[in-house]
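Just so you know, the sequence shown maps onto residues -27 to -1, 1 to 647 in mature numbering (1 follows the signal peptide of the UniProt record, and there is no 0).
Backbone N, C-alpha and C fix where the C-beta goes; we use that ideal spot for every residue, glycine too.
None of these values were measured; they are calculated from a predicted model.
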Amino acid sequence: MGRRISCSSSSALFFVFLLLSCSVSSGADTLSPDRPLLDDGVTALVSSGGNFRLGFFGPDGSTNRYVGIWYNNIPDQTVVWVANRRHPITTLSGNLSLATNGTLTITGEDNTTAIWSSGSPASGLRNPVARILDDGNFVVQEAGSNGNDSNSFAWQSFDFPTDTLLPGMALGQKQLRTGAILNINLTAWMSSTDPAPGQYVFGLDVRGDPQLFIWSDARPYWRGGPWNGRWFSGVPEVRDGADGVISFNFNKDHLSYRPVSQSSTIVRWTMNSSGQLQLLVWAEQSWIVSWYIPKDRCDQIFLCGPNSYCRSNISPPCTCLPAFHPRNQRNWNMLDGSDGCTRTTPLDCLNNTDGFFTQRDTKLPDTSRSTVVANLSLEGCRALCLSNCSCRAYAELDIRTGSGCLIWTEDLTDMSVYQSGLGQDLYVRLAAADLASASASESSHHHSGRNILLTVVLPLAILLFLACVAYSIWRWKKRTSQIHYEAEDKDMELPLFDLNTIKDATDDFSPDNKLGEGGFGPVYKGKLGEEQEIAVKRLSKTSTQGVDEFKNEITLIAKLQHRNLVKLLGCCIQGEERLLIYEYMSNGSLDNFLFGEAQTVLLDWRARYNIILGVARGLLYLHHDSRLRIVHRDLKASNILLDKDMNPKISDFGMARIFGGDESESITKRVVGT
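Listed below in structure tokens is the structure:
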């Protein structure tokens, strides 16, 4: 007996067929008003050359759905653009459509409410299409237009990047066809599984002479300095065409880059959620980090104050410019160089006796308030600076041609000095008397080098004695620095604090500042400067278990960032001292509130629920969402710390264990936990 199909069933099948026939087919590169893109988990647009794919996706470990662009031929899905990063779709019901006026719209389950929209293009389109191009750009243009002609783009995704800068994209300011000025920046994801805007933004500050910046929560975090024709002053390792991979194109208000001629290398710049800007290259079936920033303590913006510079290979890192002295000698002696330096001798502009000292291999000072003078020789720049009593320093604008200059009329801030040949010359204005002393200092340095050669004639016995002493010191330093070296091998990047700074912050580890003690050692409260409160964990010299915990803790927490994990500010490794410096949790540990009779009343059910939820979020991050899968192994109330707003933060990772991404169990011979 044949199967009967009712009229209603037949109508439903016809509707499904009609819907599928009117949606875009997988593998096409074009979206049109009569062919939307539906989220069926498979269908996507693919660029004509097969380089990029546009469709709906869900990050690992998340049920949310987004419209994004990723590489088509790279097995590890690498998303380079997200449309609805602020407004995810929670079900497989998304719809990307193109209106007849050229507006792109994403709708969700009800297919009526717009979750995301590109906005109406400035120019009217009669027959619009949206196309994914082979460079990763998603564009709206008139049907039949040249797909690669940017003048035909009524809208393009390159103007609205997320966290990735692809070759051909611009960074900086752009004037749209509407006349509006658009600031094009990269904004990091909130986390590796959440493309919502995070705290870090990378962009171009066009004030004065344009320079690269990373901002953290809208505050300057890192400065890359101005463009000198071949590289950015604060990024000397990445030069125009030097590595055979990328070539820069820079003008007064925006920056772009492209692969060098005939290069098939796949590259991208990414601002990640941990605050690192990375240049990544696809090689040997994986992404290789070719360069990243920040990488050392001198990358911390304004670490050294005005008229001083930072050197990462010495301690303390801050040094006054020649003929300048510390503005606050007490703080300077405490290794706090943030107050900077001031002139030893005032300038004598009226008598025209001033001169210039050449500070070589420099990351140029902040150019936000500098003056740009084009088409002027270096000698012309010198004369111009001397004629202006407010001029403090000058430098070449374009080192390729030697033309143009930068003029500073205020304090010189955020400078660094690099190894020979990596930086740029800065001409600092000094009084005549100070020029002589600076020259004498250079001469003295030269003679001291010659005196070193005379030591070879000392008696053989003294040389042997010094060699033995040097070998003993080397062995001692190697032994006491073992933890530091091991941490470096694990790619850990942490600020290093000076022991005297920590002693001053804790009043020389006063018993009055002691917060408690565990298997690791005592914990002290301290204060850096006038505002920042810290907690200092001091490794007990008699605890061998504590050494292992110390290594484990700095290795783990340096790689973890979550609002429900205690924040590690840095460490101190000096002599036999091993210190961890954390943010201070003013409400102490959870056990005080749970088991202390006087404080139990402070925890109402809402507070308890928020604490439970925060701890659960922290554990979810450790077990599933972080780049390392970590089991804490000593989670208890005393290891849950509470900040001033009663937000919980998991602490004490000395017992924690790292698991591989594909591991669900492990065997240990060591008994841990409480």
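Could you pull the DSSP bridge partners for residue i from this structure?
i	result
residue 135	Note: residue 135 sits in no beta bridge, so no partner.
residue 283	291 and 389
residue 203	DSSP output for residue 203 lists no bridge partner at all.
residue 87	80
residue 243	137 and 251
residue 52	43
residue 544	469 and 553
residue 266	250
residue 344	380
residue 18	27
residue 110	Per DSSP, none; premise fails for residue 110.
residue 5	8
residue 397	335
residue 198	185
Pop quiz: residue i and residue j are said to be a contact at Cβ under 8 angstroms. What is the actual Cβ separation, rounded to whole angstroms?
i	j	result
residue 338	residue 305	About 20 angstroms separates the two Cβ atoms, so there is no contact after all.
residue 6	residue 166	Contact doesn't hold; Cβ gap of about 34 angstroms is too wide.
residue 401	residue 308	That pair is no contact at about 24 angstroms.
residue 405	residue 328	6 angstroms
residue 36	residue 43	Going by Cβ atoms, the distance from residue 36 to residue 43 rounds to 19 angstroms, so no, they are not a contact pair.
residue 88	residue 27	At roughly 16 angstroms, the Cβ-Cβ gap does not stay under 8 angstroms, so residue 88 and residue 27 are not in contact.
residue 478	residue 512	Their Cβ separation, rounded to whole angstroms, is 17 angstroms, which puts residue 478 and residue 512 out of contact at 8 angstroms.
residue 202	residue 372	5 angstroms
residue 594	residue 535	5 angstroms
residue 598	residue 34	6 angstroms
Could you give the first and the last residue of the continuous alpha helix (DSSP H) run that contains residue i?
i	result
residue 353	351 to 359
residue 613	It is not in any alpha helix (DSSP H) - residue 613 instead sits in the beta strand (DSSP E) that spans 613 to 615.
residue 587	578 to 593
residue 568	563 to 568
residue 303	302 to 306
Got a sec, what are the start and stop residues for the beta strand (DSSP E) residue i sits in?
i	result
residue 315	314 to 316
residue 156	154 to 157
residue 173	167 to 178
residue 371	366 to 371
residue 68	68 to 71
residue 298	297 to 299
residue 335	328 to 336
residue 499	495 to 501
residue 485	Residue 485 -> no beta strand (DSSP E), and no H or E assigned at all.
residue 507	505 to 511
residue 621	621 to 623
residue 143	143 to 148
residue 258	Looking at the DSSP string, residue 258 is not in any beta strand (DSSP E), and its letter there is neither H nor E.
residue 189	184 to 189
residue 603	602 to 604
residue 102	101 to 105
Does the beta carbon of residue i come closer than 8 angstroms to any beta carbon on chain B?
i	result
residue 499	The chain labelled as chain B is not found in the depicted structure, where only one protein chain is given.
I'd like to know whether the C-beta atoms of residue i and residue j end up nearer to each other than 8 angstroms.
i	j	result
residue 79	residue 69	yes
residue 53	residue 77	no
residue 141	residue 108	yes
residue 149	residue 176	no
residue 59	residue 191	no
residue 408	residue 209	no
residue 279	residue 313	yes
residue 370	residue 390	no
residue 613	residue 563	yes
residue 399	residue 368	yes
residue 38	residue 13	no
residue 115	residue 100	yes
residue 288	residue 171	no
residue 147	residue 227	yes
residue 130	residue 110	yes
residue 475	residue 554	yes
residue 363	residue 181	no
Can you confirm whether the region 607 to 627 touches the region 553 to 572 when touching is taken to mean that 3 or more C-beta pairs between the two stretches lie within less than 8 angstroms?
yes
Within 8 angstroms, do at least three Cβ pairs link the region 371 to 381 to the region 265 to 279?
no
Specify whether the region 236 to 244 and the region 253 to 260 touch according to this definition: at least 3 beta carbon pairs, one from each stretch, less than 8 angstroms apart.
yes
Determine contact between the region 283 to 302 and the region 339 to 352, defined as no fewer than three beta-carbon pairs at a distance below 8 angstroms.
no
Do the region 603 to 611 and the region 538 to 558 touch if we need at least three Cβ pairs shorter than 8 angstroms?
no
Contact the region 192 to 201 vs the region 279 to 290: 3+ CB pairs below 8 angstroms
no
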